[in-house]
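Each remark here refers to the structure printed beneath this line.
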Amino acid sequence: MPISNPPTNDTRPRIAYLLGDMTGIGPEIVARTLAEGKLAEVARLCVVGDARVLEMGIRDAGVKLAWERVASPAEIDWADFAKRGVVPLIDLANVDPAAIKRGEVSAVSGKLTGESLAAAIELASAGHFDAITFAPLNKQALSKGGWKFPDEHKMFAHLLRHNGYFSEMNVLDGQWMGRVTSHVSLREALDQINPQSIEAAIRLVDTTMKRAGVEKPRIAVAALNPHGGEGGLFGMEEIEMIKPTVDKVAATGIDCSGPYPSDTLYIKAFNGDFDGVVSMYHDQGQIATKLKGFGRGVTVTAGLATVFTTPSHGTAFDIVGKGVATTGALESAVRLAAEIARRRLAERSAAP
Amino acid sequence: MGDPERTEASTVKSDALVTVPVGDDISPEGLVVALSGGEPAGIGPDIALAAWAQRHVRNAPAFGLFADADVIAERRDRLKLDVPLQLVTSVREAGRVFRHSLPIIDVRCAAPVVPGKPDPENGRAVITAIELATKAVAMGDAAALVTNPIAKHVLYDAGFRHPGHTEFLAELAGLYYPGKTYRSVMMLAAEELRVVPLTIHVSLATVPSLITADDIDFTVRIMAEALRRDFGCPAPRIAVSGLNPHAGENGTMGTEDRDVIAPAIERLKAEGFDVRGPLSADTLFHPAARATYDAVLAMYHDQALIPLKTLAFDKGVNITLGLPFVRTSPDHGTAFDIAGTGLASCTSLLAALECARDMAIHRSAAALRS
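From first to last, the protein sequence lines stand for chains A and B.
Just so you know, the first sequence maps onto residues 1 to 352 in the working numbering.
Just so you know, the second sequence maps onto residues 353 to 722 in the working numbering.
Spelled out as structure tokens, the structure:
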């Protein structure tokens, strides 16, 4: 589909801004950030969702926000919208908030949230958006609503017909956490850890961090076994697989090192010894990052054609509709998506 | 980072060693702890000396050190510490001199000790120190046993045939407390968290098949008994972590949580144990979650150690449950690379000494009640 926006020299990336699962705090935090307007410095934001849900978010947040429906992102005159202080909305008209109870898991809402994501992905794939930032989803609701994926990242990959390696990364205060395996059983994770997947994970962390503006990220790779295998006493993976892979990748100019025993690795990273950590399996990385408060951070789906970011926190059912939800992580998510997309665009326009 | 044993002791500036005037309140409980010296070429001597020097700063209990007095004196001089040493013949006597000097029950090494260079010829002395310290506890001279780190590979070269320190102690327990065999359980504890790994020093690949309902059952019972008797928790609450991400999410990410761990927990619950799980390990350790239990049973080493080290870095203590006496040890290795340099921190040893003292007090109070 050709893009026919009025010609502009605006270099801010265009971001599809999604309200998340409407049973949670998503609509109100999206409305609040739009009303505050700070994010306009870094991105052109277009809401993709249902007008009624956006209105609900505006009421919950107790803010004033002018929005206007557009039939297609192609017809948005960004300069004009900005001048009038109006936010464009692609009204999917698919979610009736009056019909869904908030503050609890809803299969209906999960199904519709998935559909909204799919619609946004289609628009991004067609070149209308440079990135997608979405307010919190509810994994359980998505699954109950028929989106049977272990996590939303796998759902995105499916919708984008992506076949190669990709992963989610968590970012907080300049610390980046990636992993070789994710939402699979520990036995499957052990099967999936091999030189190829380790190398892919290290490269993905390196590439993603560079794309986000970290020039030469110092990446630590976690060991798999206790005490890093203790010289082969508790497992040979470190000696036979992880160390040779790390060395091989390091020889190509990536600043990676390891494997490091995982019990003390995260605290070293948090103390500033490294910029990023590649974990081998889900709980290894998640225990430490959740303790550190990565709920305040951002989750990035890295390695796909479209950039996705979202706050790492959840739908916060306990405070829905009270107008007290904080927007820091969501703002960080938009800023990170904008930074990655901006660099990608600059790269593309620099290419011959 | 190479040998993991060399990495775990953190560092402290030696000017942090403060010797304050000695009072009479050093060990108001009258308790004395037996401290086995551990590998002499490691940081054992360093941290024992530093712990004595800081005895007032941290309200540590009195202890008698089972080690080679000449090695301790040499290390003291090397580290330029102002620690008077006193040879004693029993832990009881150690309690009387502890205020003024570091009491040593002399266990001679066969070969010269060079910091950082372990010699298998001294393995016998390392083992003897553990035996004598354990015996002192069994005889009632000492209230608890604290052990400094050993280097297993050095002891293997000296003919040591036990898989580790703890297994050796379980055998000694059978010797000194006859009529029963003892199976130990390792707990790691800090102010922030108590956690027991169900499997310990095994490769992660073997962990899923080592998770059995019987072991969960056995371990939860030992934990509940210890929490009641040694930690002053009259109604112990135990949280059990899952093996798989999100505790398997109803069998969609691994079946062990649903098929092995959950049924074991249900059986314990039916008997009246306050035990919950399997719970997703990644959301089990934040402050609000920690307020809901007294201890966690984790499924493997790093699932227990990542939260402990992240929360309490060098303040963790290693506790052996299931023995007929109280035993703790610092949660680090022999740290050969910093032995004799003054860089070793005695934080974990002090925590181990305090923890042993507190457990011993709880245990004697519990014995009086029953």
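Each residue gets a CB set at the ideal place from its N, CA and C atoms; glycine is no exception.
Owing to the predicted nature of the structure, the values given are computational and were not obtained by experimental measurement.
Who are the Cβ neighbours of residue i in its own chain at under 6 Å, not counting the five residues just before and after it?
i, result
"Gly375/B", "Any answer about Gly375/B is weak, because its pLDDT of 38 lies below 50 and its placement is not dependable; what the coordinates show is given next. The answer is none, since no qualifying residue turns up."
"Glu544/B", "Leu663, Ala664"
"Glu473/B", "Ala462, Ala463"
"Leu19/A", "Gly26, Pro27, Val30, Gly49, Val53, Ala135"
"Leu224/A", "Glu237, Met280"
"Pro261/A", "Ala223, His227, Gly228"
"Pro373/B", "Since pLDDT at Pro373/B reaches only 36, below the 50 mark, its modelled position is unreliable, and the value read off the structure follows with that caveat. Around Pro373/B: no qualifying Cβ."
"Glu360/B", "Model confidence at Glu360/B stands at a pLDDT of 36, short of 50, so the residue's coordinates are unreliable; what they give is reported in the following sentence. If we look at Glu360/B and ignore the five residues flanking it on each side, its Cβ neighbours are His684, Gly685."
"Arg323/B", "Here chain B comprises residues numbered 353 to 722, so residue 323/B is not present and cannot be evaluated."
"Asp130/A", "Pro13, Arg14, Ala341"
Once the 5 residues before and after residue i are set aside, which same chain residues still bring their CB inside 7 Å of it?
i, result
"Arg715/B", "Arg581, Asp582, Val678"
"Val214/A", "Asp275"
"Lys216/A", "Asp255"
"Thr327/A", "Ile29, Arg32, Thr33"
"Arg343/A", "Arg211, Gly213"
Strictly below 9 Å CB to CB, what residues from chain B border residue i?
i, result
"Gln284/A", "Asp654, Gln655, Ile658"
"Leu172/A", "Result: empty, since nearest Cβ-Cβ is about 14 Å, beyond 9 Å."
Where does the unbroken beta strand (DSSP E) through residue i begin, and where does it stop?
i, result
"Val385/B", "384-388"
"Gln175/A", "175-179"
"Tyr266/A", "Careful: Tyr266/A lies outside any beta strand (DSSP E), inside the alpha helix (DSSP H) at 262-270."
"Met68/A", "Contrary to the premise, residue 68/A reads as Glu rather than Met in this sequence. From DSSP, the beta strand (DSSP E) with Glu68/A extends over 67-69."
"Gly57/A", "Note, Gly57/A: premise wrong, no beta strand (DSSP E); alpha helix (DSSP H) at 51-61."
"Leu18/A", "14-18"
What residue range is occupied by the uninterrupted alpha helix (DSSP H) comprising residue i?
i, result
"Pro530/B", "Run containing Pro530/B: none; DSSP gives neither H nor E here."
"Pro659/B", "653-664"
"Ser116/A", "107-125"
"Ala222/A", "Segment 219-222 is the beta strand (DSSP E) holding Ala222/A; no alpha helix (DSSP H) there."
"Val278/A", "Where Val278/A is concerned, there is no enclosing alpha helix (DSSP H), although the beta strand (DSSP E) it sits in stretches over 276-279."
"Tyr508/B", "504-509"
"Thr207/A", "195-211"
"Arg348/A", "328-350"
"Phe81/A", "78-84"
"Ala485/B", "475-490"
"Gln406/B", "Counting along the chain, Gln406/B falls outside any alpha helix (DSSP H), and DSSP gives it neither H nor E."
"Glu152/A", "152-159"
What are the residues that DSSP puts in a beta bridge with residue i?
i, result
"Asp458/B", "Ala419/B"
"Thr299/A", "Asn170/A, Thr310/A"
"Ser593/B", "Leu631/B"
"Gln438/B", "Pro455/B"
"Met539/B", "Ile671/B"
"Leu649/B", "Val548/B, Val592/B"
"Thr604/B", "Gly606/B"
"Leu497/B", "Ala386/B, Arg679/B"
"Ile254/A", "Per DSSP, none; premise fails for Ile254/A."
"Thr133/A", "Tyr17/A, Thr309/A"
"Pro88/A", "Glu68/A"
"Cys46/A", "Ala16/A"
"Val554/B", "In the DSSP output, where bridge partners are listed per residue, Val554/B has none listed."
"Val449/B", "Looking at the DSSP assignment, Val449/B forms no beta bridge with any residue, so it has no partner."
"Lys469/B", "Val466/B"
"Asp626/B", "Arg589/B"
Take residue i and list the residues in its own chain whose beta-carbon comes closer than 8 Å to its own, dropping the five residues that flank it on each side.
i, result
"Ile378/B", "Because Ile378/B sits at a pLDDT of 42, beneath the cut-off of 50, its placement in the model cannot be relied upon, and the point is left open."
"Ser109/A", "Asp21, Met22, Thr23, Val95, Ile100, Asn138, Ala141, Gly145"
Which residues of chain B have a Cβ atom closer than 7 Å to the Cβ of residue i, listed in chain order?
i, result
"Asn94/A", "Within 7 Å Cβ-Cβ: nothing; Asn94/A doesn't reach chain B, min ~27 Å."
"Asp263/A", "Asp654, Leu657, Ile658, Lys661"
"Arg187/A", "Pro560, Gly606"
"His183/A", "Pro597, Met605"
"Ala138/A", "Contrary to the premise, residue 138/A reads as Asn rather than Ala in this sequence. In chain order: nothing, as chain B lies at least about 14 Å away."
"Ile239/A", "The premise fails here: Ile239/A is roughly 12 Å from chain B at the closest Cβ pair, so nothing lies under 7 Å."
"Leu224/A", "Leu556"
"Pro244/A", "The premise fails here: Pro244/A is roughly 16 Å from chain B at the closest Cβ pair, so nothing lies under 7 Å."
For residue i, return the contacting residues in chain A, with the cut-off set at a CB-CB distance below 7 Å.
i, result
"His638/B", "Lys290, Leu291"
"Asp611/B", "Under the 7 Å cutoff, chain A gives no residues; its nearest Cβ is about 12 Å from Asp611/B."
"Ala557/B", "Leu190, Gly235"
How would you list, in chain order, the residues of chain A whose beta-carbon sits under 8 Å from the beta-carbon of residue i?
i, result
"Thr635/B", "Lys290"
Please list the partners that residue i has in chain A, where partner means a Cβ-to-Cβ separation under 9 Å.
i, result
"Phe665/B", "Thr264, Ile267"
Using a threshold of 7 Å, is the CB atom of residue i nearer than that to any non-hydrogen atom of the ligand FMN?
i, result
"Pro501/B", "In terms of ligand content, the structure shown is empty, and the ligand FMN therefore cannot be addressed."
* Contacting positions in the segment 521-555 of chain B - beta carbon closer than 8 Å to chain D -> Of the chains in the structure shown, none is chain D; the protein chains are A and B.
* **Three or more C-beta pairs below 8 Å linking the segment 123-139 of chain A and the segment 163-180 of chain A** => no
* **At least three beta-carbon pairs within less than 8 Å, the segment 190-202 of chain A to the segment 236-251 of chain A** => yes
* Taking one C-beta from the segment 649-668 of chain B and one from the segment 510-522 of chain B each time, how about it: are there three or more such pairs within less than 8 Å? -> Output reads no: the segment 510-522 of chain B does not touch the segment 649-668 of chain B.
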